[in-house]
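Keeping their order, the protein sequence lines are chains A and B.
Here the first sequence is numbered in numbering that gives the first Met the number 0, starting from 0 and rising by one per residue.
Here the second sequence is numbered in numbering that gives the first Met the number 0, starting from 0 and rising by one per residue.
Glycine residues also receive a C-beta, built at the ideal position from the N, C-alpha and C atoms.
Here is the structure we will look at, set down as structure tokens.
Protein chains: 2
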Amino acid sequence: MKPLAVHGNLGAKILLVLAVAFGQGIFAQATSENQLTTHKMEIAFLMFEDYETLDVFGPAEIFGRLTDHYRLKFYSIAGGIISNRHGVPIMTEKLGTMNNDPYVLLIPGGMGTRREVNNDEMIRQIKKVAPKSTFVLTVCTGSALLAKTGLLDGKKATSNKRAFSWVETQGQAVSWDERARWQIDGNYYTSSGVSAGMDMALGFLADRHGLAFAKKVAKEIEYH
Amino acid sequence: MKPLAVHGNLGAKILLVLAVAFGQGIFAQATSENQLTTHKMEIAFLMFEDYETLDVFGPAEIFGRLTDHYRLKFYSIAGGIISNRHGVPIMTEKLGTMNNDPYVLLIPGGMGTRREVNNDEMIRQIKKVAPKSTFVLTVCTGSALLAKTGLLDGKKATSNKRAFSWVETQGQAVSWDERARWQIDGNYYTSSGVSAGMDMALGFLADRHGLAFAKKVAKEIEYH
Numbered sequence: 000m001k002p003l004a005v006h007g008n009l010g011a012k013i014l015l016v017l018a019v020a021f022g023q024g025i026f027a028q029a030t031s032e033n034q035l036t037t038h039k040m041e042i043a044f045l046m047f048e049d050y051e052t053l054d055v056f057g058p059a060e061i062f063g064r065l066t067d068h069y070r071l072k073f074y075s076i077a078g079g080i081i082s083n084r085h086g087v088p089i090m091t092e093k094l095g096t097m098n099n100d101p102y103v104l105l106i107p108g109g110m111g112t113r114r115e116v117n118n119d120e121m122i123r124q125i126k127k128v129a130p131k132s133t134f135v136l137t138v139c140t141g142s143a144l145l146a147k148t149g150l151l152d153g154k155k156a157t158s159n160k161r162a163f164s165w166v167e168t169q170g171q172a173v174s175w176d177e178r179a180r181w182q183i184d185g186n187y188y189t190s191s192g193v194s195a196g197m198d199m200a201l202g203f204l205a206d207r208h209g210l211a212f213a214k215k216v217a218k219e220i221e222y223h
Numbered sequence: 000m001k002p003l004a005v006h007g008n009l010g011a012k013i014l015l016v017l018a019v020a021f022g023q024g025i026f027a028q029a030t031s032e033n034q035l036t037t038h039k040m041e042i043a044f045l046m047f048e049d050y051e052t053l054d055v056f057g058p059a060e061i062f063g064r065l066t067d068h069y070r071l072k073f074y075s076i077a078g079g080i081i082s083n084r085h086g087v088p089i090m091t092e093k094l095g096t097m098n099n100d101p102y103v104l105l106i107p108g109g110m111g112t113r114r115e116v117n118n119d120e121m122i123r124q125i126k127k128v129a130p131k132s133t134f135v136l137t138v139c140t141g142s143a144l145l146a147k148t149g150l151l152d153g154k155k156a157t158s159n160k161r162a163f164s165w166v167e168t169q170g171q172a173v174s175w176d177e178r179a180r181w182q183i184d185g186n187y188y189t190s191s192g193v194s195a196g197m198d199m200a201l202g203f204l205a206d207r208h209g210l211a212f213a214k215k216v217a218k219e220i221e222y223h
């Protein structure tokens, strides 16, 4: 499979490109699923102590408001309240209780990733859930956790530019892109720091639902 | 007191204007407090069911990362988990257990405001806490709740442009501004919808800490 490297928001054109590239693969399947069924696609946020606030809640605003299409779930390894140095306590469910494979697994960044890359249980669980997710999106240093599983090996990816040298060490076989605001390779979306996660989420919507749809969402939240 | 109407981000200049306008008033006091003590200033988020996700967590990212200056607290009338139609469950403390008067009371918007304007206990509590807060910031339709208390009467304020006619009915003596991305009148900051709350929070930082400081924060979160 040839990696597709995409910089910036190319909108609806991407869907066509990917449909051609993947034939009857995951993208075509996802589109057909979207058209044929009315079930809401789960966006599973993988939370850990000292996550970055906006990495989570920027995309949560964007996907969460599309209540006809998506539903959000917040998971952590042990379940319960997960907080961060900002003091934002979010209630999570235990990852092991997940009923369905998620449509999107979203891994945020934050200072906590420095600890979590050495948490064998976290890496094992990501390695288990990510391949069963239709898409995996990482924000900021969340890509370090995904890289640590080996699942990004040989793929193009990006991360927060201010933590880049550290992130690179977590996946030395990854083709790291030091410039992109977000990067796409197959069903893996990786973004740069914090607000870039919102841009990536809007880009993901453009890829899945068309550019006009994504622009409408951006306008609704007055995001410039 | 002559209302100060400010459009957009005028940065550090505002601090000087306000210092002149208020003499030894609240702004001068706040600045001196900031210089003389090392205690962190509490940003109190007033949560209610069906709040808008980014109204809360955009400013939470901006203030929360400034751990040397601010600390976040999340309150609700009854305490406990508060969620919304996006499915974002946040743990809150009971407003009545608040130890100190908050430095900033932040009232988000969201569909829940349509119900909360008729919640006498909510309006009574805002009317009690807001005058004891050094600043009150509202995002989106949060200004409808503040307007309902009467505290905005005769003041300039703004709100989400797509809910404007409804918001206006909640405070007919308020001088509503239909165009501003955010509006300042004395110690009341009111902003337009969702992402505008982040701009207002950055504008607030510029007013309090200087434009360079606010720009540094925006850069750190890659907010364009």
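query: Helix, strand or coil at A:Glu32 [DSSP, three-state]; result: Reliability of the predicted coordinates at A:Glu32 is poor, the pLDDT of 39 falling under 50, and no value is obtained from them.
query: Contact under 8 Å by Cβ, A:Leu53 with A:Val193; result: yes
query: Distance between A:Ser158 and B:Gly202 (C-alpha atoms, nearest Å); result: 28 Å
query: Any chain B beta carbon closer than 8 Å to A:Ser75; result: no
query: Chain B contact for A:Ile220 (CB, 8 Å cutoff); result: yes
query: Alpha helix (DSSP H) segment containing B:Ser158, residue limits; result: First-last for B:Ser158: undefined, no H or E at that position.
query: Helix, strand or coil at A:Gln124 according to DSSP, with G and I counted as helix; result: helix
query: Environment of A:Lys154 [buried if 16+ CB atoms lie within 10 Å]; result: buried
query: Neighbouring residues, chain B, relative to A:Ala179 (Cβ below 8 Å); result: Going along chain B, no residue has its Cβ under 8 Å from A:Ala179, so there is no contact; the nearest lies around 12 Å.
query: One or two residues paired with A:Ser164 in a DSSP bridge; result: A:Ser164 pairs with nothing; no bridge assigned.
query: is_contact[A:Glu115, chain B] using C-beta, thresh 8 Å; result: no
query: B:Asp100 (DSSP reduced to helix, strand or coil); result: coil
query: Cβ-based burial, B:Ala205 [other Cβ within 10 Å; buried from 16]; result: buried
query: Rounded C-alpha distance that separates B:Glu92 from B:Ile76; result: 8 Å
query: Span separating the alpha-carbon of B:Lys147 from that of B:Ser164; result: 14 Å
query: Sub-8 Å separation of B:Ala129 and B:Val135 beta-carbons; result: yes
query: Inter-residue Cα distance where the pair is B:Glu221 and A:Ser190; result: 11 Å
query: Under 7 Å by beta carbon: chain B residues contacting A:Ala195; result: Glu221
query: Top-ranked residue by Cα proximity to A:Asp152, from A:Val138, A:Thr140, A:Glu167, A:Cys139; result: A:Glu167
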